[in-house]
Structure formats: structure tokens, C-alpha cells
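Same order as they appear, the protein sequences are chains A and B.
So that you can map any letter, position 165 of the first sequence is 1042 in the numbering used here, and since no number is skipped, the others follow by simple counting.
So that you can map any letter, position 100 of the second sequence is 977 in the numbering used here, and since no number is skipped, the others follow by simple counting.
One structure below.
Protein chains: 2
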Amino acid sequence: MELTDRKKQILKVVVEDYIQTAEPVGSKAIAAEMGGRISSATIRNELADLVELGYLEQPHTSAGRIPSPKGYRLYVNELMEQQRLTLAETERIDQALQMKMEELDRVISQAGRVVASFVNYPTYMATSGKKHLTARRFDLLPVDEHSCIVVMMMGDDRVKSQLLRLQLKVDTGQIPALVDMLNNHFTNISGGEMSRRLMDVADQVSPQLFLLLSQTVSYAVDVLEEAGQREVFMAGANQLLKLPEFRNADKAHELMSFLSDSKENLPVPDDGPMKILIGPENVNAALRDTSVVVASYDIGDDMRGLIGVVGPTRMDYAAVAARLTGFADGLTRLFGKHEKLPPKEDPQT
Amino acid sequence: MELTDRKKQILKVVVEDYIQTAEPVGSKAIAAEMGGRISSATIRNELADLVELGYLEQPHTSAGRIPSPKGYRLYVNELMEQQRLTLAETERIDQALQMKMEELDRVISQAGRVVASFVNYPTYMATSGKKHLTARRFDLLPVDEHSCIVVMMMGDDRVKSQLLRLQLKVDTGQIPALVDMLNNHFTNISGGEMSRRLMDVADQVSPQLFLLLSQTVSYAVDVLEEAGQREVFMAGANQLLKLPEFRNADKAHELMSFLSDSKENLPVPDDGPMKILIGPENVNAALRDTSVVVASYDIGDDMRGLIGVVGPTRMDYAAVAARLTGFADGLTRLFGKHEKLPPKEDPQT
DNA sequence: CTTTAGCACTCCGGGAAAGCGAGTGCTAAC
DNA sequence: GTTAGCACTCGCTTTCCCGGAGTGCTAAAG
């Protein structure tokens, strides 16, 4: 059965009022909010229906109403007005994203902190995709007879490098051959495969070179493994303590511990750019009475990034959704730019 | 005036009892703790003296005593027994530090998380030293006509690299000359100086090369700036909520916000390997009724790392100090090893 | 001079009781 | 279908009371 327009209108008022005040909303307040055109008694009749239908709840007999998860769901799906960011806010977001940073991780964690400060809820960030990262190109740059720089370009165009200390002197003249071998036999394969091939070529080169080769390969394996790992960043968890629903230290502690520990079981938007999970819609027990708004954005190169905001079920969905979309778009743009152009053009300080 | 041995003994019992229970300790409990050899009445007389002298405080007339900051100070300086870690714990620490990680930042933040889980207090980690980082060597590796890898070795032997997308095609043959110029004119100078020199050489090279040069230099400037920045990591802030003194959400929020925001004003051990700051000894207002135990360790290459633990004034100084020292030593060893040897030797998976 | 037992007193913390007030559901009239 | 009126419910805050832990003081004993 469809709700009448007026019922929806009332539901909307209840949700929005409750989002702001965190207190049960009474019939009188609703009547006032709606312009005083209908009396509180009428509202009460409607409220009773809405409770009956499961969209609202009553903490106790003589209290106002609060939205149920079902009520929030209807609100989010139909009633919520898409909030537009003010120009000033859009600018602040763009400005916040004007980071000149090299490392993907840094950019992401920094962005997470900014988002958290914008929405005033705990925010997590992660990346997804990128199952099989491989090396695409190797170089070795001799430094002196005891050390050598290894440079590796990965499948996603990122370049990693490190100084290797050599246990044995290596004849510089042989380096190019070694680089050839690396590029011919150790590119575009998985880390495990690399280790295996290393064994195969063991007897084809001199011991000194083999040592250098194996150092290089194990560096590559480590880097690929580390780069493939998905890392999760958390920011703004302390925001929770400002909320009335988390003034109870135990509740706050429980959720915060979950948030700072869990690397895996945070919600991801399985499809579409944004997903809203309300209370019990969360599979994860620790999130059962919180809501999560999570958006994804394009990092380029088959990878997607993830921004999620965790809050009480009465969180300001419209505001959070708008800001999250703003950031997601901004980040997509940021990474798109990186993709096409060099990171910076301006040579002056 | 020196305290009698018995007074010190009593003070010690009060501190250690209070550290455990967070409740004012009464004369009777002290008498029992001390073996029942002296009566509670005697203890009461002594307690009155200790209050008089400022080592203890009385929350209200008819309550037990709690240590004052001065009392904790005496305890830490003279009374506290140096706690030895059990073999099992030492092993757990060593095991936790068996990380094969490339990035210094990662190692540090990971270590911070481990420390936090060991001591059950919020823990911060940072690095100090390293004021003027410079580039020591450049390389450019052509990839194709639109891109090129820049490799830079810094003063501390770290190597950074990135793929540059070129706006203009560059003649590969001219790259070596460019690398020479970089190595001759842009090494061992500050980032600001680099930008200035870039202007000087503007008319000595072709526009294409200059563009590449300026991209390289601005990459270098960014990296040096980012690398020189001291970054602070926080872990385990949620541990606070378990403590009775932070069950009040406002207090907890205040401290947690301070901890997660402040990058600069966290205590550092100005000399020696470890420093303990008790309550009001903290210059920073936000830390006035907390204590901080901070240790430093050697990263090598003029840099020092920092582990700090923040807790209530009644924190378990002996336990924290022992574990912190254990970790600091472990980290010094870890970095010492990295310094001398290649990061890994074992080529098998 | 120090230690100890005894005792009246203080004050915190918890629990019960009371009053307040916001809000409801119901009835009857419009 | 809507509204005014009204009795009623129930959580929250305040007040009050009481138990108990712990003190300070006094006076006696070592």
C-alpha cells in the first residue's frame, strides 16, 4: 500500500527533525513545522498509522516518534532532496584536493582526513581492484662498487626504486646484461612466478650477478606484494564522541575499536557510485545500529577508490551524500588529471 | 627534607595501588599491603604528613589518598622498580618487529599500532632530525617518446622515482646531457635553491628539454619537501575510552581531538633515550592532566625516531617504560640492520 | 616520642520517592 | 475527515535518605 502524500510529508518532517535534534518528535512540533495548517490531533492520527505501518517507532508510550530503519530507507529513497553544495563548499573541496602529493596512500589518507572534517563523522578510505600487479620494466643504476639502485616500473605505471647494498663487488660492465635478463624473464609475471624463475636461471650467471639478481627480484616481490595489498585508512573517529548516541563510553569504544581494527569488513558499494546502508541493513554486527554512506571513485588503471562515512542511523544522509559525491568527483578528476598530464607544470616555486 | 624510608614505602604502595584501581586508597588497605606490621592509625599519621608535604592529595575530607604529580615524580625517580620484560614478551616484541616493509613511514606507523596494542594506551610515533634533505643524484630513464622515468637519490640514501608524462617529444639522445646538468647543478642544494637555478639555466637548453628539466626539478622539490616533513602517526586512541578517567565523553573527546590533530606539539625527549612527563609538567594545556612517556631510537643517518605513549597520570609507568624501551631497542636494531645489509637476502619464497 | 585502639564525624554514592512536563490516545463535536 | 479537550502515561530530574568507607582526634600503652 502506498502512503498518502501527507503521510510522506509527515515522515519527512519527523526524519529531518530527528536528524537534527536526536530527540523524539512530537505531534505539535510537526504541526508547527508544516505551517500550522493542520492540527496536532490530525497529525497524531497520521503518526499512529505510520507506526502501524512500520515507518516510525515510539520509544515509549508517551513519547514522540522516531524513524525506524524502514522509515529512513523510504526517506533516503524517495523523500530526501538532493542537496546541492554551495559554490563556496565546492571551492573548499577543490581547494582541499589541491594536494601535490606523490604517493597514492598519502593522497588517500589525507583526503580521508579532509572528508572527515567536512562531514563530521568518522570516515574510512580504501582502494579496490588491482588483483595482479606485475613488474613491467627493470633498471639497475650502478652507484659505486658496493651499491646499486634498482628501479622497477609496475603495471600501473607507478615506479618504485631503492638503493641496494651489495655484499659482493659486481662488475659494472655486466649490469646491462642483467637488466636484459630481468626485463626478458621477470616482467609481467606474478611474484611467486618470479621467485620460481629465479631458481631456473641460477646456473646461467656468475655468483656475484646472481646475488644481485636475487636481491633485485626479492625487492620486486616485496614491493608488488605490498602494493597489491589493500590498505584502509580511518580518520575522524573522535567525531563520534560528540554525538549523543555515543556519549556512553562503552558504545563509543566498541564502535571505535571495530573501526580502527577492521581492515576487511567495511561496506563497499557493490555497484553504482554510492551506497547507503541503514542500521540493520549492515551485515556486520558491529554496524547494526549505525549507518554507512559509501561512495567510490575512479583512480584510473582499473582501480577504484572508496570513501565511506560511518554515523548514527540518524545521520544527515542528504548532506553526507552530497559532500561525498563532491569529493568522489573531485578525486576522480584529480586522478584523471594525473593520468593524462604530468603531476605539475608550474616550475616556479 | 628527606622522607623517611617508611614514608617512601607508603607512597610507593599508594601509587601502585592507585595505578591499579583508580580509587583513593585508604589507610587500612595500605597497612594490609605492607604486611600488617604497623597499624592503620600509624599509617594515617604518615599519610597526613605526606599530604602536608605535597606528595599525596585527598579528594575530600573523608576519602583515601591519591598521589599528586609530585608524588608520581618521586615514585618515577626513586621508587619505581625497573620492570624486566619476560622472555615471552621480548619475543613477542621481536616478532612484531619482523616486518618486511620498504617505506619508513609504513614501518613506523605499523610499529606504533603494535606498541599501542602492547601498552593499551594511545601511542604516537614520529621522526625528528633531518632538517635539510637534498638530492644527491639524478637519473632519467626514457620509456617512450611521451614518457620518462625520473630517479632521484636523496642525501639519506633513499631513492624516489616516478614516471613523467612529457608534453613534448624529447630527443632521447639529449637525455644524458640533461642528466649531467641535473647532477652538476641541482644536487646538494635546497629545494628553494633548485627552483632558482632552474631559472638560471632556462636559456641554456632547448624548450623541450627545459620542460622536462623543470618537470624533474619540480618533482624533486616536492619529494624533498614531503620527505623533510615530519609526519606524526597516532594509534590506539580508542584505548582511552576504557579508562575510568575518560568515561566522560567530553574529556575523552577533547584529548582525542588534540591527539589526532596535533602534529607539532607532542612532547619529545630532548635528551637521553626516554622522558616521562607527569601531568602539569606538560607544557601543553591539553595534556595537563595526562602523562606522557616518550622514548627515542636511532633510525640511522642522523635521524631519530620517537615513540610516545599518552595516558592518565596514574598510568603504569614501570610497565610502559619497560615496553617502550624494549621497542625502542628493537627498532634501533631493526634500522641498524637495514643500514648495513641489504633489506633481504633470502631469494626463496 | 611513637604507636595503637577507640570513636565520633564527614562525605560520597546509590537507591527510593516525588514532582514536572512533554506527549499521547480517546472521545465527542464540528 | 478534522479538531478541541482532557485524562493519562512515563521518562527525567531533583530531592532526600541512608550505608559505609575512611578520616582526624584523643587518650592510653609501649
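Idealized CB from N, CA, C, for every residue including glycine.
If you look at methionine 1111/A, you'll find it isn't in any alpha helix (DSSP H); it sits in the beta strand (DSSP E) that goes 1110 to 1112. Under DSSP, valine 1186/B forms a beta bridge with Thr1000/B and Val1170/B.
When only Cα atoms are considered, tyrosine 932/A and threonine 967/A end up about 34 Å apart. Here DSSP, grouped into helix, strand and coil, assigns methionine 1031/B to strand. The Cβ of lysine 1037/A sits closer than 8 Å to at least one Cβ of chain B. Sequence-distant Cβ neighbours of alanine 1205/A in its own chain, meaning closer than 6 Å and more than five residues away, are Ala1172 and Tyr1174. By the Cβ test, the region 922 to 936 of chain A is in contact with the region 881 to 889 of chain A, since at least three Cβ pairs between them sit closer than 8 Å.
Tyrosine 998/A and serine 945/A have their alpha carbons spaced roughly 21 Å apart.
Closer than 8 Å to the CB of aspartate 1016/B there is at least one CB belonging to chain A.
Beta bridge pairing from DSSP links methionine 1058/B with no other residue. Burial state of methionine 976/A is exposed, judged by a 10 Å Cβ sphere holding fewer than 16 other Cβ atoms.
Distance from the Cα of leucine 1059/A is smallest, within the candidate group Ile970/A, Val1098/A and Arg1200/A, for Val1098/A. Rounded to the nearest angstrom, the gap between the Cα atoms of alanine 1112/B and glutamine 1044/B is 43 Å.
In chain order, Leu1118 place their CB closer than 8 Å to the CB of arginine 1124/A, counting only its own chain and leaving out the 5 sequence neighbours on each side. Residue burial is scored here from C-beta neighbours: asparagine 1061/A has fewer than 16 other C-beta atoms within 10 angstroms and is therefore classed as exposed.
According to DSSP, residue pairing for methionine 1180/A in a beta bridge involves Gly1177/A. Within 9 Å of the CB of valine 1028/B, the CB atoms of chain A belong to Asp1016, Leu1018, Ile1026, Val1028, Val1036 and Ser1038, in sequence order along the chain. The beta-bridge partner set that DSSP reports for phenylalanine 1015/B consists of Met1029/B. Valine 928/B and leucine 1132/A have their C-alpha atoms spaced approximately 41 Å apart. According to the DSSP assignment, lysine 1152/B belongs to the beta strand (DSSP E) that extends over 1151 to 1154. Distances from the CA of threonine 1064/A to each of Thr1011/A, Leu1018/A, Ala1114/A and Glu1103/A were compared; the closest alpha carbon is that of Thr1011/A.
Around the Cβ of proline 1189/B, a 10 Å sphere holds 16 or more other Cβ atoms; the residue is buried.
Under a criterion of Cβ atoms nearer than 8 Å, no residue of chain A is adjacent to asparagine 1065/B; the nearest Cβ is some 16 Å distant. Residues Asn1142 of the same chain have their beta carbon placed closer than 7 Å to that of asparagine 1161/B, with the five preceding and five following residues left out of the count.
Note on lysine 1037/A: 16 or more other CB atoms within 10 angstroms of its CB, so buried under the neighbour-count rule. Its chain contains Val892 as the residues whose beta carbon lies nearer than 6 Å to that of tyrosine 952/A, once the 5 sequence neighbours on both sides are disregarded; these appear in chain order. Counting C-beta atoms within 10 angstroms of its own C-beta, alanine 1054/A has fewer than 16 neighbours from the protein chains shown and is therefore classed as exposed. In the three-state scheme derived from DSSP, where H, G and I count as helix and E and B as strand, glutamine 935/B is classed as coil. Look at lysine 1037/B here: in three-state DSSP terms it is strand. For serine 1134/A, the residues of chain B that pass the 7 Å Cβ criterion are Asn1115, in the order they occur in the chain.
Contacts between histidine 1130/B and chain A, judged by CB atoms closer than 7 Å, involve Asn1115, Leu1118 and Lys1119 in chain order. Among the bridge pairs identified by DSSP, serine 1005/A is matched with Arg1181/A. Linking methionine 911/B to serine 986/B through their CA atoms gives a straight-line distance of about 43 Å. Counting along the chain, serine 1072/B sits inside the alpha helix (DSSP H) bounded by residues 1068 to 1077. Pairing arginine 1191/A with valine 996/A gives a Cβ-Cβ distance that is not under 8 Å. For isoleucine 907/B, the enclosing alpha helix (DSSP H) begins and ends at 904 to 910.
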